[in-house]
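Reminder that position 45 of the sequence shown reads as 55 in our numbering, one-by-one numbering, no gaps. In this text, a Cβ means the ideal position worked out from N, Cα and C, and glycines have one as well.
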Amino acid sequence: MPDFIPVCTPLLGGNEVKYVMDAVSTGWISSSGSYVNKFEEVFSAYCGVKYGVAVCNGTVAIHLALAALGIGKGDEVIIPSFTMIATAFAVCYTGAIPVFVDADKETWNVDVKKIEEKITAKTKAIIPVHIFGNPCDMDAICSIAKKHNLYIVEDAAEAHGAEFAGKKAGSFSDIASFSFFANKNLTTGEGGMVVTDNEDYYKRCRYFKNMCFPVDAPRVYSHEDIGFNYRMSNLHAAIGLAQTEKADEYRDMRVKNAALYKKYLSDCPGIVFQKDQTNGLNVHWMNAIVVNPAEYGHSKDELIAHLKENGIDTRLLFVSMHRQKSLKDFGCDCSGEYPVTDWLTQNGFYLPSASNLTEEQIKYIYNVIKEFSK
Ligand SMILES: Cc1ncc(COP(=O)(O)O)c(C=O)c1O
Numbered sequence: 011m012p013d014f015i016p017v018c019t020p021l022l023g024g025n026e027v028k029y030v031m032d033a034v035s036t037g038w039i040s041s042s043g044s045y046v047n048k049f050e051e052v053f054s055a056y057c058g059v060k061y062g063v064a065v066c067n068g069t070v071a072i073h074l075a076l077a078a079l080g081i082g083k084g085d086e087v088i089i090p091s092f093t094m095i096a097t098a099f100a101v102c103y104t105g106a107i108p109v110f111v112d113a114d115k116e117t118w119n120v121d122v123k124k125i126e127e128k129i130t131a132k133t134k135a136i137i138p139v140h141i142f143g144n145p146c147d148m149d150a151i152c153s154i155a156k157k158h159n160l161y162i163v164e165d166a167a168e169a170h171g172a173e174f175a176g177k178k179a180g181s182f183s184d185i186a187s188f189s190f191f192a193n194k195n196l197t198t199g200e201g202g203m204v205v206t207d208n209e210d211y212y213k214r215c216r217y218f219k220n221m222c223f224p225v226d227a228p229r230v231y232s233h234e235d236i237g238f239n240y241r242m243s244n245l246h247a248a249i250g251l252a253q254t255e256k257a258d259e260y261r262d263m264r265v266k267n268a269a270l271y272k273k274y275l276s277d278c279p280g281i282v283f284q285k286d287q288t289n290g291l292n293v294h295w296m297n298a299i300v301v302n303p304a305e306y307g308h309s310k311d312e313l314i315a316h317l318k319e320n321g322i323d324t325r326l327l328f329v330s331m332h333r334q335k336s337l338k339d340f341g342c343d344c345s346g347e348y349p350v351t352d353w354l355t356q357n358g359f360y361l362p363s364a365s366n367l368t369e370e371q372i373k374y375i376y377n378v379i380k381e382f383s384k
């Protein structure tokens, strides 16, 4: 048996140490250093978008995007029921109400056929989330948004470099958000970014991110709006720049690992994978599987315990937004059925997914899963 295989470890295989040492040795360690600007330029260009604003995590990136668009109390924002809680919390921070739409059974992204039934006169925006790096059907989402005059804020926290119809995730919305948490395909440890093609939104994001200090004028200490300190440090941006230099390489590693998991596990009954979005490039942030107990012979929980006994780490999938006490107490409508999201939560989990996972490790994980099947 190999050593313990964690669910994810960061891959810091390029200029990270060099750039961080440079930031430290020159004393530029807070948010004013040049790595912040460079990281914003390089990462937004990688997304095919004009402007980037680096922030301290992916949750506040969503909040900043919504705040810059003027979304607030009295508004509703449509989000998937199957997402990380950050998507919903960021809406709550603005005072708007998150409204949930169930997932598609195949892609596990928001079910685009169910969005319109949730639109009301109060709806201001849709937040599509590219779940596990699988791009949403942005053709359908953009046309719904256009028809109902809604903003789109892509939550691309899990989808660095993902593509739909040849365009990168982050390039379909008014403002898009990313996370650079340690388990993401590209990381800064903790960090996030918003990207946009709209100069006005870009300036508003910069303004709100930094306590509403004037963006293009000398710094004075009179503040006309309530702002946030969402700044990213130069140290984090130094890591982000080094990571972005490796973006395609790291993406390809995750894509290759996902293909290997699928290849090996294809002969194992009762193991279901996320279906890649048609006309898209899934960057496979996480390799999630759903267990069909009748076919596999064991439940998800039994398989997780068996994997643990064999030194393989796993993580549970997100619990549906409509089952969150916090959101119910906030005033969200948590009635109704979200059968696909519940199915994912009840039967799914992540397998180890680090970029530098080896084929030998994947084969070992496969053997442990296969041997345990009935
Ligand atoms: C879909 C989604 N949105 C937002 C976030 C929040 O990012 P962060 O942890 O950097 O705040 C995450 C984090 O994993 C996420 O998966």
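{"Asked": "Check: Glu-164 C-beta below 7 Å from any heavy atom of ligand 1", "Found": "no"}
{"Asked": "Secondary structure, alpha helix (DSSP H): runs of 4+ residues fully inside the segment 83-108", "Found": "95-104"}
{"Asked": "Ile-151 Cβ short of 7 Å to ligand 1 heavy atom set", "Found": "no"}
{"Asked": "Rounded distance between the beta-carbons of Phe-182 and Met-148, thought under 8 Å", "Found": "4 Å"}
{"Asked": "Boundaries (first-last residue) of the alpha helix (DSSP H) holding Ile-314", "Found": "310-319"}
{"Asked": "is_contact[Asp-114, chain C] using C-beta, thresh 8 Å", "Found": "Looking for chain C here will not work: only one protein chain is present."}
{"Asked": "Start-end ranges of the beta strand (DSSP E) lying completely within the segment 260-292, minimum 3 residues", "Found": "281-283"}
{"Asked": "Meets three-Cβ-pair contact criterion under 8 Å: the segment 321-332 and the segment 344-362", "Found": "yes"}
{"Asked": "Distance cut-off 7 Å: Gly-72 Cβ against heavy atoms of ligand 1", "Found": "Residue 72 is actually Ile in this sequence, not Gly. Within the cutoff, so yes."}
{"Asked": "Residue range of the unbroken beta strand (DSSP E) whose run includes Met-203", "Found": "202-206"}
{"Asked": "Limits of the alpha helix (DSSP H) - the one that Ser-232 falls within", "Found": "No alpha helix (DSSP H) holds Ser-232; DSSP gives it neither H nor E."}
{"Asked": "Leu-10 in three-state terms, based on DSSP", "Found": "It is not possible to answer for residue 10, since the shown part of the chain is limited to 11 through 384."}
{"Asked": "Touch test, the segment 352-370 against the segment 315-327, Cβ-Cβ under 8 Å, three pairs minimum", "Found": "yes"}
{"Asked": "Buried versus exposed call for Arg-264 [16 or more other C-beta atoms within 10 Å across all chains shown]", "Found": "buried"}
{"Asked": "Ile-72 beta carbon less than 8 Å from that of Ile-125", "Found": "no"}
{"Asked": "Rounded separation between Ser-35 and Leu-245 - CA only", "Found": "11 Å"}
{"Asked": "Residue closest to Glu-403, alpha-carbon to alpha-carbon, out of Tyr-376, His-170 and Leu-354", "Found": "As shown, the chain starts at 11 and ends at 384. That puts residue 403 outside it, with no answer to give."}
{"Asked": "Closer than 7 Å: Ser-44 CB and nearest ligand 1 heavy atom", "Found": "no"}
{"Asked": "Element boundaries [alpha helix (DSSP H), containing Glu-164]", "Found": "Per DSSP, Glu-164 belongs to no alpha helix (DSSP H); it is in the beta strand (DSSP E), 161-165."}
{"Asked": "For Lys-338, the three-state DSSP class (helix, strand or coil)", "Found": "helix"}
{"Asked": "Check: Met-94 C-beta below 7 Å from any heavy atom of ligand 1", "Found": "yes"}
{"Asked": "Check: Gly-250 C-beta below 7 Å from any heavy atom of ligand 1", "Found": "no"}
{"Asked": "Contact set for Gln-356: own chain, Cβ-Cβ below 8 Å, skip 5 residues either direction", "Found": "Lys-310"}
{"Asked": "Reference Ala-77, options Glu-50, Ala-106, Ser-91 and Ile-129, closest by Cα", "Found": "Ala-106"}
{"Asked": "DSSP three-state assignment for Leu-245, whether helix, strand or coil", "Found": "helix"}
{"Asked": "Whole-angstrom C-beta distance between Asn-195 and Gly-171, which should lie under 8 Å", "Found": "7 Å"}
{"Asked": "Beta carbon of Asn-67 nearer than 8 Å to that of Ser-232", "Found": "no"}
{"Asked": "Rounded separation between Pro-108 and Lys-28 - CA only", "Found": "42 Å"}
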